[in-house]
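Residue numbers (this note's numbering): 63 to 294.
Just so it is clear, CB atoms sit at the ideal spot from N, CA and C, and this is done for glycine as well.
What follows is one structure encoded as structure tokens, with my remarks underneath.
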Ligand SMILES: [Mg+2]
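Take a look at the structure:
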């Protein structure tokens, strides 16, 4: 069936995954905490703060960048091989949790994605997660996107991760849509920053873990609590 011509504000919408399409944020936070807390205890430091530490230093970034930035915030500068080992142990916990608990997509997000596609708007997933494809499949929404740029591809293509704009620009290039005709949807401060840095037409913040005012201060044009609010 030919797609109807879209005359709206944008021709494509680029979605972050964790916290935007799927409820995997709590799983990630929990795995980070399990990874960091024993280290912090050894150093006599306060445990990983699931709100502040996660939002300011880890959320939305490539895995090793998150490890490096968080530990630096606690005054620890570790050799790169140690950063990688810490990141990899977190990844192993994520894989166990995904296999054990499964993944749910947010119903409001799925409704809006399906409506966009029915209107001829192209959709992509842009995630720092190396598990993005596995998560999309587990949530039953891997058929709803024209392109996926995940953490593995960011590394393979030598792109800078969020808060740099590279991964979103790569997705819009794959869809054949200019940034000025595409929207970015993000729940992380790093992702909102990336959307603005890429000069996308619209940056939509989803206020799940971060306050509405913080997403707005980071540059989100529009902030919602749930993407179902945007569904017609
Ligand atoms: Mg996210």
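Option nearest residue i by Cα separation, candidates the options
i, options, result
"residue 111", "132, 275, 279, 196", "132"
"residue 269", "211, 157, 283", "283"
"residue 197", "271, 102, 158", "158"
"residue 84", "193, 264, 240", "193"
"residue 299", "185, 123, 102", "What is shown of the chain runs 63 to 294, which leaves residue 299 out entirely."
"residue 151", "140, 104, 190, 129", "129"
"residue 205", "184, 155, 229, 117", "184"
"residue 221", "239, 244, 188, 238", "188"
Which of helix, strand or coil DSSP assigns to residue i
i, result
"residue 64", "Here the model assigns residue 64 a pLDDT of 47, short of 50, so the residue's position is not dependable and the matter cannot be decided."
"residue 166", "coil"
"residue 209", "strand"
"residue 110", "coil"
"residue 72", "coil"
"residue 247", "strand"
"residue 302", "The displayed coordinates of the chain run from 63 to 294. Any statement about residue 302 would go beyond what the structure contains."
"residue 149", "helix"
"residue 95", "helix"
"residue 120", "helix"
"residue 156", "helix"
"residue 220", "coil"
"residue 225", "coil"
"residue 279", "helix"
"residue 144", "helix"
"residue 171", "helix"
"residue 103", "helix"
Residue interval of the beta strand (DSSP E) (run including residue i)
i, result
"residue 184", "184-188"
"residue 266", "264-268"
"residue 241", "Where residue 241 is concerned, there is no enclosing beta strand (DSSP E), given that its DSSP letter is neither H nor E."
Rounded C-alpha distance that separates residue i from residue j
i, j, result
"residue 64", "residue 75", "Annotation note: pLDDT 47 at residue 64 (below 50); position unreliable, no value reported."
"residue 277", "residue 251", "6 angstroms"
"residue 247", "residue 266", "5 angstroms"
"residue 94", "residue 134", "15 angstroms"
"residue 262", "residue 166", "28 angstroms"
"residue 177", "residue 294", "8 angstroms"
"residue 153", "residue 199", "18 angstroms"
"residue 125", "residue 279", "24 angstroms"
"residue 81", "residue 253", "12 angstroms"
"residue 230", "residue 143", "28 angstroms"
"residue 101", "residue 224", "26 angstroms"
"residue 260", "residue 170", "26 angstroms"
"residue 208", "residue 238", "11 angstroms"
Start and end residues, alpha helix (DSSP H) containing residue i
i, result
"residue 197", "194-201"
"residue 251", "251-259"
"residue 129", "125-135"
"residue 237", "228-237"
Which residues DSSP lists as bridging residue i, in chain order
i, result
"residue 80", "84"
Specify which residues have a beta carbon nearer than 5 angstroms to any heavy atom of ligand 3, listing them in chain order. Ligands displayed in this structure: ligand 1; ligand 3 is not among them.
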